[in-house]
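Asks: In terms of full-length UniProt numbering, the sequence shown is residues 1 to 724. By construction, the Cβ of each residue, glycine as well, lies at the ideal position given by its N, Cα and C atoms. Here it is, the structure in full.
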Amino acid sequence: MALPPLASVCYSTNTNEDHNRLQVLCKRLKKMCQAGQPDSQLMDALVATALTDDRAAAHWLVNHAEDPSLVSGNCRVYYLLLCPANELEARFDEFWTAYRGARDWTPPMDYMPHVPVVQPFEAHAHQLLDVYHAFNTVSRGFADRCPAADFQLTLPPVDLTANPLRLSLQLCEPTVETMLKELAAVFVKMLADKFVPAVPVRPPYRAALCEGFMQSQQYQVEQEAMHHFAVNPDSRRVAVGTPADTVWQLRLYSRDVRQRNDLTGETHAVYRMRSECLPADDDGFIQLAYSSGDLVALVAPTEPGIAPADVTAWALGLNCDTGQLGHFRPAMLEAQRVPCSSAWTLHKVANIGCTLPSSPLGNSASSSCWASFSRQSSMCVDECASATGAGCSGSGGSSGSRGYCGANGSAGKHCPMNAANRLSCTPSGVPPSDTSGSSDSMPPSPKPVGKSKSLMSFFLSDRPRRQLHVMRHGERMDTTVGFHWYNKAFDSKGVFANRFDLNIPEVLPTRPVEDFDRDTPLTLIGQFVSHQMGEALARAGVRYTYAYSSPALRCVQTAHHLLQGAGQFRLSVRIEPMLNEFPHDHDDQAQMPRFMSPTELRSAGYNVDKDYQPHSTLEGFDRRNSPEKYQQRVRRVLKKILDSTRKRGGNILVVGHRTTIEFCPIILMGYKSYVKRVCIPYNAMLCLDERPKKGTWVLANQPSAAFSCNEHCRFDGSSLASPV
Numbered sequence: 001m002a003l004p005p006l007a008s009v010c011y012s013t014n015t016n017e018d019h020n021r022l023q024v025l026c027k028r029l030k031k032m033c034q035a036g037q038p039d040s041q042l043m044d045a046l047v048a049t050a051l052t053d054d055r056a057a058a059h060w061l062v063n064h065a066e067d068p069s070l071v072s073g074n075c076r077v078y079y080l081l082l083c084p085a086n087e088l089e090a091r092f093d094e095f096w097t098a099y100r101g102a103r104d105w106t107p108p109m110d111y112m113p114h115v116p117v118v119q120p121f122e123a124h125a126h127q128l129l130d131v132y133h134a135f136n137t138v139s140r141g142f143a144d145r146c147p148a149a150d151f152q153l154t155l156p157p158v159d160l161t162a163n164p165l166r167l168s169l170q171l172c173e174p175t176v177e178t179m180l181k182e183l184a185a186v187f188v189k190m191l192a193d194k195f196v197p198a199v200p201v202r203p204p205y206r207a208a209l210c211e212g213f214m215q216s217q218q219y220q221v222e223q224e225a226m227h228h229f230a231v232n233p234d235s236r237r238v239a240v241g242t243p244a245d246t247v248w249q250l251r252l253y254s255r256d257v258r259q260r261n262d263l264t265g266e267t268h269a270v271y272r273m274r275s276e277c278l279p280a281d282d283d284g285f286i287q288l289a290y291s292s293g294d295l296v297a298l299v300a301p302t303e304p305g306i307a308p309a310d311v312t313a314w315a316l317g318l319n320c321d322t323g324q325l326g327h328f329r330p331a332m333l334e335a336q337r338v339p340c341s342s343a344w345t346l347h348k349v350a351n352i353g354c355t356l357p358s359s360p361l362g363n364s365a366s367s368s369c370w371a372s373f374s375r376q377s378s379m380c381v382d383e384c385a386s387a388t389g390a391g392c393s394g395s396g397g398s399s400g401s402r403g404y405c406g407a408n409g410s411a412g413k414h415c416p417m418n419a420a421n422r423l424s425c426t427p428s429g430v431p432p433s434d435t436s437g438s439s440d441s442m443p444p445s446p447k448p449v450g451k452s453k454s455l456m457s458f459f460l461s462d463r464p465r466r467q468l469h470v471m472r473h474g475e476r477m478d479t480t481v482g483f484h485w486y487n488k489a490f491d492s493k494g495v496f497a498n499r500f501d502l503n504i505p506e507v508l509p510t511r512p513v514e515d516f517d518r519d520t521p522l523t524l525i526g527q528f529v530s531h532q533m534g535e536a537l538a539r540a541g542v543r544y545t546y547a548y549s550s551p552a553l554r555c556v557q558t559a560h561h562l563l564q565g566a567g568q569f570r571l572s573v574r575i576e577p578m579l580n581e582f583p584h585d586h587d588d589q590a591q592m593p594r595f596m597s598p599t600e601l602r603s604a605g606y607n608v609d610k611d612y613q614p615h616s617t618l619e620g621f622d623r624r625n626s627p628e629k630y631q632q633r634v635r636r637v638l639k640k641i642l643d644s645t646r647k648r649g650g651n652i653l654v655v656g657h658r659t660t661i662e663f664c665p666i667i668l669m670g671y672k673s674y675v676k677r678v679c680i681p682y683n684a685m686l687c688l689d690e691r692p693k694k695g696t697w698v699l700a701n702q703p704s705a706a707f708s709c710n711e712h713c714r715f716d717g718s719s720l721a722s723p724v
């Protein structure tokens, strides 16, 4: 189940508003569920969806119809975390990307960057308002106790006696340490008064970077961390830049209690499934049912002799989107390892060390605080964090010393799998209800489901709405600087040595020089415009759930820089080979370009999903195909993209070529032809809205302003002195 979108997360610190919101949502949900679910199950749904809205809770109930925990009444595990946002969060992402590429997965990657304040604690659904009240109290009382400049980080040396070896960043200012100790003490005391046991984390307060590396790698790992975080070698302090780069947020998360092994204390690895699997029961061997996009936690390996003979190992998994247990194969290409925090629910957010209000409802888009919300939103949406999750380990002061979460939970029981239809709980596809006030101020409730129409069929006919953004790539190098620009820019050894035009980027991907002939990159202006478009889309509130691109380098660069400008650093670009363009009049050669592979693009610094299995391949691709053939293959690719993204909904970005935009009205809107003479400039965007009930797409207005500029070419002053 997808995490509630940014606008739906509660930034209010008013407990009365939380109480009113809960009451109104309970009334609405009871009207929608006339079949008669118990009140305890309705409350579980509202808690799991963070009081987002009644429709999200109803989706959750549909998905968890066969969840055994609804009967047993499991509690949830909560986390109180201090999380960096904005530029500092991006540094963590960059470090983890480099670390994972050079070595392997490390436990801190299972969570967002954070400093634990209180050890994970359990609370029942009826205690939600007590937890919210404690959070509201400490967030109001400690929000401005320390200025943002006091949140300084250091990189302590690795303790070579520890096992395993760990590297963390530490909050070094005594004022911040004292503030966090007092905050944790107040929070724990308020929970204890409501019979919710919790334990504060003891100093030092650290944010984990990595652990488990060998002692021979210690120096190299430290040097990489010092480079990514701009650490002063003498003081070992992290350079954080301006106050806008030092935004910290106090966040309240929760997860399903079953996502951690109580006996071993290990966090269950989480996988995002890329295909669909129907339930099956073969003599007691229950195969887990899941849909594309579901998050599955690896609970335990399957005992030998239980699973059928297969080259791929089976494991016992918990579907975080349905709460069901069964066997699946995590080693398959359809299973992608993702952070455990992808299955967490975000309940509340409050800025710490910032005097501006936490609520994004005001006109604060230019403030540092609002910038932090934009980055935080991209993290939540790009990871598809959902209502169940992973937790923290450790007791006493271990959580504080390790610097990342860990909590105990109970393993669930086997349950039979029914082939019932279900939906993804995707609040991002449904406009959230403004339930912060009393019921009188609420917008009209949805009509209750009639007796002849079940809750299941009601939501099957009301899928999340999507918006498709099809963009042309940015300004290309060959038609701007010159078709054989690379012969002048590179020397005989293939070294980029002559930036003869300022529109040539300072850094180009490392590849054979001749490959630039048929696969040209973006100019510097092309990169700049793409980045500006991303910033404008982010200011307009657009967050992308998926991003696809043609394999052409200029398209990949456009998608990458747009997402960077939008602050969506965690959303990787998926390469679809058959989105590549067909030749035009000026392109009379039949030679096939040699595109960079996803791994090569990733190594070059582009945020590409190297594990993505595309819906199409370049095998049998005819460079000399006609517009009609190009239309047919783009139709097939777009259909598969739209089918695979139907469950989550949200905004979908597809970066292609001029012809990609030209054919979209034919493919998706049923037009019989297109106007070939229409000017489609670089970075042009076509926006389409889905009408789920009709299964059609209609034109929509671009959510942000376009980018216009005049043509600029080289000027040679000597031409003025030439005789006529």
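1. Tell me, please, which residues DSSP counts as bridged to Gln249.
2. In or out: Val71 buried (at least 16 other Cβ within 10 Å) or exposed?
3. For chain B, is any of its Cβ atoms less than 9 Å away from the one on Leu571?
4. Output the distance between the C-alpha atoms of Tyr486 and Pro598, rounded to the nearest integer angstrom.
5. Give the list of continuous alpha helix (DSSP H) stretches no shorter than 4 residues that lie fully inside the region 80-125.
6. Taking Leu61 as part of the alpha helix (DSSP H), name the residues at either end of that continuous run.
7. Could you tell me the distance, in whole angstroms, from the CA atom of Val115 to the CA atom of Asp150?
8. When you compare each of Asp321, Asp689, Cys210, Asp716 to Asp93 by their alpha carbons, which one comes out closest?
9. Would the region 226-241 and the region 150-166 be scored as touching if the rule is three or more Cβ pairs under 8 Å?
10. Got a sec? Which residues, its chain only, sit under 7 Å from Val637 by beta carbon, not counting five neighbours each side?
11. Which whole runs of the alpha helix (DSSP H) in the region 124-188 are 4 residues long or more, in chain order?
12. Tell me, please, whether the region 530-548 touches the region 565-576 by the rule of three or more beta-carbon pairs shorter than 8 Å.
13. Check whether the region 465-472 touches the region 646-655, counting contact only when three or more Cβ pairs, one atom from each stretch, lie closer than 8 Å.
14. If we call anything under 9 Å between Cβ atoms a contact, is Phe43 one with His133?
15. If you follow the beta strand (DSSP E) that Glu222 is part of, which residue opens it and which one closes it?
16. Tell me where the alpha helix (DSSP H) around Asp517 begins and ends.
17. Rounded to whole angstroms, what's the CA-CA distance from Ala208 to Glu89? Just pull it up for me.
18. Could you check the C-alpha separation between Val349 and Asn319 for me, to the nearest Å?
19. Taking Leu250 as the reference, give the member of Glu177, Phe135, Leu160, Asp321 with the closest Cα.
20. How far does the alpha helix (DSSP H) with Trp697 in it extend, from its first residue to its last?
21. Give a yes or no on whether the C-beta atoms belonging to Phe663 and Gln631 are separated by under 9 Å.
22. Look at the alpha carbon of Ala50 and the alpha carbon of Leu346, and state the distance between them as a whole number of angstroms.
23. Check Arg255 in the structure and name its three-state DSSP category.
24. Tell me, to the nearest whole angstrom, how far the beta carbon of Leu82 is from that of Ile352; I am working on the premise that it is less than 8 Å.
25. Excluding the 5 residues preceding and the 5 following Pro197 in the sequence, name in chain order all residues of the same chain whose CB lies nearer than 7 Å to its CB.
26. Under the three-state reduction of DSSP, which class applies to Phe663: helix, strand or coil?
27. Of all the options Asn683, Leu642, Gln591, Cys555, which has the alpha carbon lying nearest to the alpha carbon of residue 763?
28. Could you give the distance in angstroms between the alpha-carbon of Pro593 and the alpha-carbon of Thr520?
29. Among Cys340, Val201, Ala289, Cys277, which has the Cα closest to the Cα of Ala297?
30. Within 10 Å of its beta-carbon, does His712 have 16 or more other beta-carbons around it, so buried, or fewer, so exposed?
Replies: Taking the structure as given:
1. Cys83, Asn351
2. exposed
3. Protein chains in the displayed structure number just one, and chain B is not present.
4. 23 Å
5. 87-102
6. 54-63
7. Between Val115 and Asp150, the C-alpha separation is close to 15 Å.
8. Checking every option, the nearest Cα to that of Asp93 belongs to Cys210.
9. yes
10. Glu576, Met578, Leu579, His615, Ser616
11. 128-142
12. yes
13. yes
14. Before going on, a small fix: residue 43 reads as Met here, not Phe. No, the Cβ-Cβ distance between Met43 and His133 is not below 9 Å.
15. Here Glu222 belongs to no beta strand (DSSP E); instead the alpha helix (DSSP H) covers 218-228.
16. From DSSP, the alpha helix (DSSP H) with Asp517 extends over 515-518.
17. Take the alpha-carbon of Ala208 and the one of Glu89: they are about 12 Å apart.
18. 27 Å
19. Phe135
20. Per DSSP, Trp697 belongs to no alpha helix (DSSP H); it is in the beta strand (DSSP E), 696-700.
21. Yes, they are a contact pair.
22. Cα atoms of Ala50 and Leu346: separation of roughly 7 Å, rounded to the nearest angstrom.
23. Secondary structure of Arg255 (DSSP, three-state): strand.
24. 7 Å
25. Phe121
26. helix
27. Lying before the first or after the last residue shown, residue 763 is absent from the chain, which here runs from 1 to 724.
28. 10 Å
29. Cys340
30. exposed
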